[in-house]
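Numbering (the working numbering), first residue to last: 932 to 1046.
We put the beta carbon where it would ideally sit given N, CA and C, even for glycine.
Fair warning: this is a prediction, and the values are worked out from it, not measured in the lab.
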Ligand SMILES: [Cu+2]
């Protein structure tokens, strides 16, 4: 008796099962990430935009971003050569604008708060 068709069905069901499991796991993980993020931002984070006129090429933002991320309390840092600005989301209980400005200056890029 040829039972190979059974085996094939079994495999298909098993694969489907794995896909569903994968899907549910991904969903749970996503929910966690979203929750954790909203937590981080809800904790009274602040955002500041700094003018960084000393950027001279598209690689400068990398240096600036790195320097900013070394500051404890920085949640998110972005820097853009086109606008010569850096945008920082930070925890005001751990750091402040002066510390952020100092960090860019120490990296070779003095900055001022964008008006
Ligand atoms: Cu550069």
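Helix, strand or coil: which one does DSSP assign to residue 1000? When DSSP states are grouped into helix, strand and coil, residue 1000 belongs to the helix group.
Collect the residues with a C-beta less than 5 Å away from any heavy atom of ligand 1 and give them in sequence order along the chain. Environment of ligand 1, chain-ordered: 987, 988, 990 and 991, taking every residue with Cβ within less than 5 Å of a heavy atom.
Which one or two residues does DSSP pair with residue 977 in a beta bridge? Beta-bridge pairing links residue 977 to 1021.
Could you work out which residue in 1016, 1031 and 1017 is closest to residue 1023 when comparing CA atoms only? Selected option, being the one with the closest Cα: 1031.
Since residue 989 and residue 1012 are thought to touch, with beta carbons under 8 Å apart, how far apart are those beta carbons, to the nearest angstrom? At roughly 5 Å, the Cβ-Cβ gap stays under 8 Å, so residue 989 and residue 1012 are in contact.
Alpha-carbon to alpha-carbon, residue 1000 and residue 1016: Residue 1000 has its alpha-carbon roughly 15 Å from the corresponding atom of residue 1016.
So residue 1003 and residue 1026 are in contact, right, with Cβ under 8 Å, and what is the actual spacing, rounded? Indeed they touch by this definition, with Cβ atoms about 6 Å apart.
Assigned exposure category for residue 957 - 16 Cβ within 10 Å defines buried: A residue is called buried when at least 16 other Cβ atoms come within 10 angstroms of its Cβ; residue 957 does not meet this threshold and is exposed.
Please classify residue 1047: is it buried, with 16 or more other beta-carbons within 10 angstroms of its beta-carbon, or exposed? Residue numbering for the chain in the displayed model covers 932 to 1046; residue 1047 lies beyond these limits and cannot be assessed.
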